[in-house]
Amino acid sequence: MRRLPLGVLLAAVAASAFIRSRTSGGTLLRRADFANIRYIINDQTAPGLMNSTGGFTITPDSDPIAALQAALDAWTNVPTSAAAFARPEILPLGITGSDRQHVMTFADTPENRRSASGDTIAVTLPFISTLSGEIVDSDIVFNPALPFSTTVQPGTYDIQAVALHELGHALGAAHSGLVAPTMFSRGRAGTSIQAVLTADDMAFVTEVYPEPGSQGLLGSISGTVTQTDGLPIAGALVTAIAPATGIAIGSITRGNGTYAITQAAPGQYFLYTEPMDGPVEARDIGEAGNGANTAFATAFLGGAAAPTSLLVRGGANTPADLVVEAGTPPLNIQGGGAAPLGTGSLSLFAGPFALNAGQPAVVAVFGRGLDDPTITESAVSFLGAPVTIRPGTFSRGFTTSGIPSLRFTVDVARDAPLGVATVLVRSATAAAVFSAGAKLLPSPSFSAAGVTNAATFATGAAAPGEIVSIFGTNLGPASGVSGAFDGGGRLATSVAGVTLTFNGFRAPLYFVRQDQINAQVPFEVAGQSFANVVISYQGLSSFAVNVPVAAAQPAIFVRLDGTGRPWIFNQDSTLNDIGRGAPRGTVVTIYANGQGTVSPPLATGAPGAAAEPFNRAPGVTAMIGGQSAIVHFAGMTPGFVGLLQVNAEVPAGAPTGPNVPVVVTIGSASSQPNVMMAVQ
Amino acid sequence: MVPRMSLEEITERSERIVHGRCLRTWMAWDAERQFIWTHAEIQVADTLKGARSATVIVSEIGGIVGDIGLMVEGMPRYQPGEEVVVFLFRVPNGMWRSRGVGQGKYEVRAGRVRADLGGIALVEPAGVTRTAVTSLDGATVDEFKSRLRGLLSARPAGGQR
């Protein structure tokens, strides 16, 4: 491919599967401010941002600042690299040429439209010194005409994934020759699979901006790729993949057939080479792909049937040469797809697919020659991660475009490392790989013991309409995000990419964070004995957790200030407390939870009625100081979702003192013991 | 990052489609001195869609002026003498750009076409993807233009912009 002078500028160094750009004079691009890169986020960046044509640029349920921060943090937190982004400022600044202010913006302005109007999703605009190769300005424009989200809404582009990719360009990276990395040249709308850096991305930022002292910790593999007659192979992809860690790092051979895989963590690796004949094609990686030889067969060190593993040691190089058969490769995997088992149809494309640790999935790969009858179930395997093919699930077919495909069910080890895996397919005479095509991502995880009443954090049955707190891991974003009411006046059931279902009914969400979700149990589970609870975060779902359902499960809210005192208000609206007891004969307001169904019925997520008819909870009784209290009202607190309000009269015969027990009962279920109120 | 477009989409959404040869290229700041652009003057041999003219100037963001470079990944570039089929749309400042970044530029070598993706990052949009822009790689330029004319004639009347 011929290029203009700018094309020369864009020429890239094809030493690794990650690719760096350099100036026309050969200087590699890098940043002088790498240790403290300061980005400014345009102050219009907010949920619900609309463009000039009335469409959403950022969906209302998104948290764009958190997503951008997460992308900055991901590059900053590579432990072997010294590159670091400062906490961004949010200012009313736009992009202004080469002013050395790095701005990220979604705003619909003429200059943003103009720069991004080449139909890009987002564009990084790095101004460089052609003399030194220093990147002096690196504005990032998200195309205001397109929809972005942080909730993996269908048809939207994931802000964190896009930002992570563009920040890679801002650091000086071009596109990777491997499939799974964030810097790979293809992605999909409606997924966040590329929102996680891979080892290849980290190898790039480590090589360009090494953390002092890290170099002795990492090793390398280098050698040559030649034909059987000794002629060098140019533009061959060489990949090393470590089964124990899921690390995959790649390289592209130079014109003389040499390659060098650098920044490799110590460990055992399989090594193989393949032609850039899809899914990665030479033209995908621009100038670095010029002159690539694609007429040879995929080859493994030690052979595809029983690959030999190489040991990489820190601070040392491991030599390894690969020899390939020249000629048109008979097999080629061009892409694939995966879906959790039992969730419907697969969507295939020439890019990475996600697998979740511990979750079985249906996987398909497609490509030339896969209809070879010598390809059997035992000839398909995964390298680099504990992914196994379930016996008896292998089948053949064709894509809608008529390309041969293979389909099978896989089991992924619960403790699988969160790396990548390569699909290896062997026929009687050849092998093909979908190199680092599968990316293992963390799934939300929790157990029945983690499903608690939000008033007490006690495990037990869930009642219709109850507020629950669920504890686990990977349940949502690192920073907590509060729920909000939707356009219909109900608490939203999707917050920051998190959804939660009970027997398939979506639960309104009060709060989501990686370790905790507060939600309302849908009223629709009334009458059922158990509920299958499933949490999804950014398209990845947990196992279904079976939780018992009760008609009611009352619990009184207690304060989290260390006193353990209940949320009970005296008749004069003061908070009941030691030294501020309720006089006998007055009415106190007890805030509780877990009342079950109400009358008239209330829609899940809807606040209690603010006027008659109030949503009353039937059968509520109260005991104060061991004596029956007259309940004047028991029902949903007006204007609040899921909050039970019990107005009870302190019995004339109740004992006085700072610690008078109070209990709310519905049917046979009572609130937690040892809740003490003050009576005077 | 660029949404993947189909051949039908770039055909439908382009205001001009021309077959021609690059005469010259140059780089310059825009009037606001915000961005550097690389311009290519294409001598038009055949107009498949849109207004006819002897030449058309195609502009893409990025380039070098003095010792400053604006480096944008994946922008299509042209070389004097290069034979191309380009799918163009006009941006508000009056410049003509290729539709879908590199997806809207086909290079012609020895009479055969090949999509010049030029290292762009393609993202699959939601919905049905129709004919891939690379599906006609290797077709003769006459076969390619015949396919385009077929797509254009199949469009509803009045669809030309």
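Chains A and B, in that order, give the protein sequences. Quick note: the first sequence uses this note's numbering, first residue 115, plus one each step. Quick note: the second sequence uses this note's numbering, first residue 1441, plus one each step. Idealized CB from N, CA, C, for every residue including glycine.
Within the 9 Å Cβ cut-off, does residue 1540 (chain B) reach chain A?
In the second sequence, the residue the question calls residue 1540 (chain B) occupies position 100. Yes, its Cβ sits closer than 9 Å to a Cβ of chain A.
Any idea what DSSP makes of residue 178 (chain A), helix, strand or coil?
Residue 178 (chain A) sits at position 64 when you count from the first residue of the first sequence. Residue 178 (chain A): helix per DSSP, three-state reduction.
Looking only at C-alpha atoms, which of A:352, A:503, A:324 and A:584 sits nearest to residue 550 (chain A)?
Against the first sequence, residue 550 (chain A) aligns to sequence position 436. Of the candidates A:352, A:503, A:324 and A:584, the residue whose Cα lies closest to the Cα of residue 550 (chain A) is A:352.
Please list, in chain order, all residues of the same chain as residue 671 (chain A) whose beta carbon is under 6 Å from its beta carbon, the five residues on each side excluded.
Within the first sequence, residue 671 (chain A) is the residue found at index 557, counting from 1. Closer than 6 Å at the Cβ level, and outside the excluded window around residue 671 (chain A), lie 569, 681 and 705.
Return the residues of the segment 1474-1506 of chain B that lie within a Cβ-Cβ distance of less than 9 Å from chain A, sorted by chain order.
Along the segment 1474-1506 of chain B, the positions whose C-beta sits under 9 Å from a C-beta of chain A are 1474, 1475, 1476, 1478, 1480, 1500, 1501, 1502, 1503, 1504 and 1506, read in chain order.
As a quick exercise: from A:774, A:779, A:667 and A:789, pick the residue whose alpha carbon is nearest that of residue 734 (chain A).
Along the first sequence, read from residue 1 onward, the residue named residue 734 (chain A) stands at position 620. Among A:774, A:779, A:667 and A:789, the Cα nearest to that of residue 734 (chain A) is on A:779.
Same chain, Cβ closer than 6 Å to residue 650 (chain A), five either side skipped, listed in chain order
One-based indexing of the first sequence puts residue 650 (chain A) at position 536. Closer than 6 Å at the Cβ level, and outside the excluded window around residue 650 (chain A), lie 613.
Straight-line Cα distance separating residue 1486 (chain B) from residue 1447 (chain B):
Walking along the second sequence from the start, residue 1447 (chain B) turns up at place 7. Walking along the second sequence from the start, residue 1486 (chain B) turns up at place 46. CA-CA distance, residue 1447 (chain B) to residue 1486 (chain B), rounds to 19 Å.
Using the three-state DSSP reduction, which class does residue 273 (chain A) fall into: helix, strand or coil?
Within the first sequence, residue 273 (chain A) is the residue found at index 159, counting from 1. If DSSP states are grouped into helix, strand and coil, residue 273 (chain A) belongs with the helices.
Taking DSSP as the reference, what is the three-state secondary structure of residue 320 (chain A)?
Position 206 of the first sequence, counted from the start, is the residue given in the question as residue 320 (chain A). Looking at residue 320 (chain A) - three-state DSSP - the assignment turns out to be helix.
CB of residue 480 (chain A) within 9 Å of CB of residue 520 (chain A), strictly
As a position in the first sequence, residue 480 (chain A) is number 366, starting the count at 1. As a position in the first sequence, residue 520 (chain A) is number 406, starting the count at 1. By the CB criterion at 9 Å, residue 480 (chain A) and residue 520 (chain A) fall inside the cutoff.
Considering only residues of the same chain and omitting the five flanking positions on each side of residue 1587 (chain B), which have a CB-CB separation below 7 Å?
One-based indexing of the second sequence puts residue 1587 (chain B) at position 147. Hits under 7 Å: 1576.
Chain B beta carbons: is any one of them nearer than 9 Å to that of residue 214 (chain A)?
Counted from its first residue, the first sequence places residue 214 (chain A) at position 100. With respect to chain B, the C-beta atom of residue 214 (chain A) has no partner C-beta closer than 9 Å.
Residue 1469 (chain B) - partner residues in DSSP beta bridges:
One-based indexing of the second sequence puts residue 1469 (chain B) at position 29. Answer by DSSP bridge pairing, in chain order: B:1476.
First and last residue of the beta strand (DSSP E) that includes residue 415 (chain A)?
Locating residue 415 (chain A) in the first sequence gives position 301, where the first residue counts as 1. For residue 415 (chain A), there is no enclosing beta strand (DSSP E), as DSSP gives it neither H nor E.
My assumption, with CB atoms under 8 Å, is that residue 609 (chain A) sits in contact with residue 623 (chain A). Please give the rounded CB distance.
Within the first sequence, residue 609 (chain A) is the residue found at index 495, counting from 1. Within the first sequence, residue 623 (chain A) is the residue found at index 509, counting from 1. Indeed, because the Cβ distance is near 4 Å, the residues count as touching under 8 Å.
Cβ of residue 778 (chain A) less than 9 Å from any chain B Cβ?
Position 664 of the first sequence, counted from the first residue, corresponds to residue 778 (chain A). Judged by the 9 Å Cβ criterion, residue 778 (chain A) is not in contact with chain B.
Just to confirm, is the Cβ distance from residue 378 (chain A) to residue 288 (chain A) under 9 Å?
Working through the first sequence from its first residue, we reach residue 378 (chain A) at position 264. Working through the first sequence from its first residue, we reach residue 288 (chain A) at position 174. No, they are not a contact pair.
Does chain A have any CB closer than 9 Å to the CB of residue 1508 (chain B)?
Numbered from its first residue, the second sequence carries residue 1508 (chain B) at position 68. So, interface residue.
Which chain B residues sit within Cβ distance under 7 Å of residue 224 (chain A)?
Mapped onto the first sequence, residue 224 (chain A) falls at position 110. Chain-order list of chain B residues neighbouring residue 224 (chain A): 1532, by C-beta distance under 7 Å.
Under 7 Å Cβ-Cβ, which residues of chain A neighbour residue 1448 (chain B)?
For the purposes of this step, residue 1448 (chain B) is taken as the residue at position 8 of the second sequence. Under the 7 Å cutoff, chain A gives no residues; its nearest Cβ is about 15 Å from residue 1448 (chain B).
Would you verify that the beta carbon of residue 227 (chain A) is, or is not, closer than 9 Å to some beta carbon of chain B?
By 1-based counting over the first sequence, the position of residue 227 (chain A) is 113. Residue 227 (chain A) counts as touching chain B.
Does residue 613 (chain A) come out as helix, strand or coil in the three-state DSSP assignment?
Taking the first residue of the first sequence as position 1, residue 613 (chain A) is located at position 499. Strand.
Should residue 490 (chain A) be labelled buried (16 or more other beta-carbon atoms within 10 Å of its own) or exposed?
In the first sequence, counting from the first residue as 1, residue 490 (chain A) sits at position 376. Within 10 angstroms of the beta-carbon of residue 490 (chain A) lie fewer than 16 other beta-carbons, which makes it exposed.
Put residue 226 (chain A) into one of helix, strand or coil per three-state DSSP.
For the purposes of this step, residue 226 (chain A) is taken as the residue at position 112 of the first sequence. If DSSP states are grouped into helix, strand and coil, residue 226 (chain A) belongs with the helices.
Which residues of chain E have a Cβ atom closer than 7 Å to the Cβ of residue 1557 (chain B), listed in chain order?
In summary, chain E is missing from the structure at hand, where the protein chains are A and B.
According to DSSP, what are the bridge partners of residue 309 (chain A)?
Against the first sequence, residue 309 (chain A) aligns to sequence position 195. DSSP output for residue 309 (chain A) lists no bridge partner at all.
Return yes when the Cβ of residue 385 (chain A) is within less than 9 Å of the Cβ of residue 422 (chain A), no when it is not.
For the purposes of this step, residue 422 (chain A) is identified with residue 308 of the first sequence, where counting begins at 1. For the purposes of this step, residue 385 (chain A) is identified with residue 271 of the first sequence, where counting begins at 1. A Cβ-Cβ contact shorter than 9 Å links residue 422 (chain A) with residue 385 (chain A).
Skipping 5 residues on each side, what residues in its chain have a beta carbon closer than 6 Å to that of residue 786 (chain A)?
In the first sequence, residue 786 (chain A) corresponds to position 672, counting from 1. A distance below 6 Å between beta-carbons, with the five flanking residues on each side excluded, links residue 786 (chain A) to the following residues of its chain, in chain order: 570 and 669.
Exposed or buried, what is residue 510 (chain A) when buried is set at 16 or more other beta-carbons lying within 10 Å of its beta-carbon?
Position 396 of the first sequence holds residue 510 (chain A). Around the beta carbon of residue 510 (chain A), a 10 Å sphere encloses fewer than 16 other beta carbons of the protein chains shown; the residue is thus reported as exposed.
On the three-state DSSP scale, how would you describe residue 205 (chain A)?
Within the first sequence, residue 205 (chain A) is the residue found at index 91, counting from 1. Three-state DSSP puts residue 205 (chain A) in a strand.
Could you please give the first and the last residue of the uninterrupted beta strand (DSSP E) stretch that includes residue 1493 (chain B)?
In the second sequence, counting from the first residue as 1, residue 1493 (chain B) sits at position 53. Per DSSP, residue 1493 (chain B) lies in no beta strand (DSSP E) segment and is marked neither H nor E.
Three-way DSSP call (helix, strand, coil) for residue 183 (chain A) in this model
As a first step, residue 183 (chain A) is located in the first sequence; it is residue number 69 there, counting from the start. Helix at residue 183 (chain A).
Starting from residue 1452 (chain B), trace the alpha helix (DSSP H) both ways and give me its first and last residue.
On the second sequence, position 12 is the one that residue 1452 (chain B) refers to. Taken as a continuous stretch (DSSP letters only), the alpha helix (DSSP H) holding residue 1452 (chain B) covers 1447-1453.
Would residue 1451 (chain B) pass as an interface residue toward chain A - the criterion being a Cβ-Cβ separation below 9 Å?
Here residue 1451 (chain B) refers to the residue found at position 11 of the second sequence. By this cut-off, residue 1451 (chain B) is not an interface position.
Can you give me the C-alpha to C-alpha distance between residue 399 (chain A) and residue 1454 (chain B), rounded to a whole angstrom?
As a working mapping, residue 399 (chain A) is identified with position 285 in the first sequence. As a working mapping, residue 1454 (chain B) is identified with position 14 in the second sequence. If I take the Cα positions, the gap works out to 26 Å.
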